[in-house]
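Remarks on the structure that follows.
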Amino acid sequence: EKSFQAVIEELRRGNSYLVNLTFPTKVTVNFSLKEVFERCRAPYKLLFKDQFVVFSPEQFVEIRENILRTFPMKGTIDANLPRAAERILEDEKERAEHVTVVDLLRNDVGRVARRVTVPRFRFLSEIRTHEGRLLQVSSEIRGRLDPAWHERLGDILCAMLPAGSVTGAPKQKTVEIIRRVEPYERGYYTGVFGVYDGTRLDSAVMIRFLERDGKRAFVYKSGGGITADSMAEKEYREMLEKVYVPIN
Numbered sequence: 008e009k010s011f012q013a014v015i016e017e018l019r020r021g022n023s024y025l026v027n028l029t030f031p032t033k034v035t036v037n038f039s040l041k042e043v044f045e046r047c048r049a050p051y052k053l054l055f056k057d058q059f060v061v062f063s064p065e066q067f068v069e070i071r072e073n074i075l076r077t078f079p080m081k082g083t084i085d086a087n088l089p090r091a092a093e094r095i096l097e098d099e100k101e102r103a104e105h106v107t108v109v110d111l112l113r114n115d116v117g118r119v120a121r122r123v124t125v126p127r128f129r130f131l132s133e134i135r136t137h138e139g140r141l142l143q144v145s146s147e148i149r150g151r152l153d154p155a156w157h158e159r160l161g162d163i164l165c166a167m168l169p170a171g172s173v174t175g176a177p178k179q180k181t182v183e184i185i186r187r188v189e190p191y192e193r194g195y196y197t198g199v200f201g202v203y204d205g206t207r208l209d210s211a212v213m214i215r216f217l218e219r220d221g222k223r224a225f226v227y228k229s230g231g232g233i234t235a236d237s238m239a240e241k242e243y244r245e246m247l248e249k250v251y252v253p254i255n
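Set out below in structure tokens:
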């Protein structure tokens, strides 16, 4: 509640339009991190030693044939709710939040690429968890790179980091707010990971993040976007909805 109110105050002052506020939640896990990694379903998975596991549904940047694509994900709803798809797509707050992130990512892509377009806006994808199904809202943004992009791949990634969907807008000021109000260090959470094979890049945002916190304790890091119209209870519920492991 304290962190939420601090964010609302920053929003009211006009210091940010959208803040992605996150927290660690203590959880009990019946599997080892290696077993979670092996059993969970996700487009992108990462196991780092015996420290944390990531099972991310969110692609960050893909570069193939000189085309850069990014897929910001913003908006989640329980797929079993009546009219779930219509409810999240028609929700004005969810739409405003998504538009803000798409604008931010368009700007980021425009810094490194030409002919920036949004070929898909607010499309739905389904995620299956151990407790049921979720719908998530994403958009696709793309731009054209020059053929020598391989020589400046590091600069391209640095220009787009940190990921806009897990920070907010304006990015630099919002990151400063996050550092002040979040009651913990994110660490690797909300970073990015990926594979570059010399011809193409595929990467993901490190969300859906389970981390060891001591010998037998674990924390699950999750959060969501806060706007001036956000209600604390609703945002808290959304944060808890994201605490899941998509086990086979």
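To convert a position in the sequence shown, counted from 1, into our numbering, add 7. In this text, a Cβ means the ideal position worked out from N, Cα and C, and glycines have one as well. Computed from a prediction, not measured in an experiment: that's the story for all the values here.
> Hey, would you say E97 sits closer than 8 Å to K81, going by beta carbons?
Replying inline: Here residue 97 refers to the residue found at position 90 when the sequence shown is read from its first residue. Here residue 81 refers to the residue found at position 74 when the sequence shown is read from its first residue. In this structure, K81 does not lie closer than 8 Å to E97 by Cβ.
> Within the present structure, is the beta-carbon of V61 separated from the nearest heavy atom of the ligand GDP by less than 7 Å?
Replying inline: With respect to the ligand GDP, the structure offers nothing, as it holds no ligand at all.
> Can you tell me the Cα-Cα spacing of P31 and K100, whole angstroms?
Replying inline: On the sequence shown, position 24 is the one that residue 31 refers to. On the sequence shown, position 93 is the one that residue 100 refers to. Straight-line Cα distance between these residues: approximately 24 Å.
>> So if DSSP puts P31 in a beta bridge, which residue, or which two residues, is it bridged to?
In response: Here the question's residue 31 lines up with position 24 in the sequence shown. In the DSSP output, where bridge partners are listed per residue, P31 has K228.
> How is the alpha helix (DSSP H) around Y243 delimited, first residue to last?
Replying inline: Here residue 243 refers to the residue found at position 236 of the sequence shown. That run of the alpha helix (DSSP H) goes 239-248.
> Apart from the five residues just before and just after Y227, which ones in its own chain have a Cβ nearer than 6 Å to its Cβ?
Replying inline: As a working note, residue 227 is residue 220 in the sequence shown. T32, V34, L217, V250, listed in sequence order.
> Start and end of the beta strand (DSSP E) containing A211?
Replying inline: Residue 211 sits at position 204 when you count from the first residue of the sequence shown. Note, A211: beta strand (DSSP E), 208-212.
>> Using only the alpha-carbon positions, how far apart do I95 and I84 sit?
In response: Within the sequence shown, numbered from 1, the residue matching residue 95 stands at position 88. Within the sequence shown, numbered from 1, the residue matching residue 84 stands at position 77. Cα to Cα, I95 sits roughly 7 Å from I84.
> If we call anything under 8 Å between Cβ atoms a contact, is V257 one with V212?
Replying inline: As displayed, the chain neither begins before 8 nor continues past 255, which places residue 257 out of reach and without an answer.
> Is it right to say V68 is buried, meaning 16 or more other beta carbons lie within 10 angstroms of its own, or is it exposed?
Replying inline: As a working note, residue 68 is residue 61 in the sequence shown. Buried, because 16 or more other Cβ atoms sit within 10 Å of the Cβ of V68.
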